[in-house]
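Step one of this worksheet: look at the structure below.
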Amino acid sequence: MKKAKKSKSRPNFVTTLVLVVLLAVMAIELGQVYGKLHTAKKEQASVAAQVQQLQQQNDALASDLSKAGDEEFMKELARTQLGLAESGERIFYDVND
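Residue numbers (our numbering): 1 to 97.
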């Protein structure tokens, strides 16, 4: 009877082995989750920078749209973007650049 009590009081080897294996698996999974979290944070920063850049472009375009009724602004756009000129006006291109 004393032998039976002794074996019950010390931890079972199989139970300990199972616990160690489960802890190892959990540690590996936790490492993978942290890796994915790090990647997601980098991606979030990249997307935030893109959003900021696109917002600046959007603001510039909105500013241009607000000037749509301004004749001088439209003439300047025609000159710079389309290469147009008013009648009697000559355009010289600097080819040294």
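Idealized CB from N, CA, C, for every residue including glycine.
Classification of residue i by the beta-carbon crowding that lies within 10 angstroms, buried from 16 upward
i          : result
residue 16 : exposed
residue 1  : With a pLDDT of only 46 at residue 1, under the threshold of 50, the placement of this residue in the model should not be trusted, and no figure is reported.
Candidates the options, of which the one nearest residue i by Cα
i          : options        : result
residue 87 : 14, 96, 33, 75 : 75
Any chain B beta carbon closer than 8 Å to residue i
i          : result
residue 18 : The question asks about chain B, but that chain is absent: this structure has only one protein chain.
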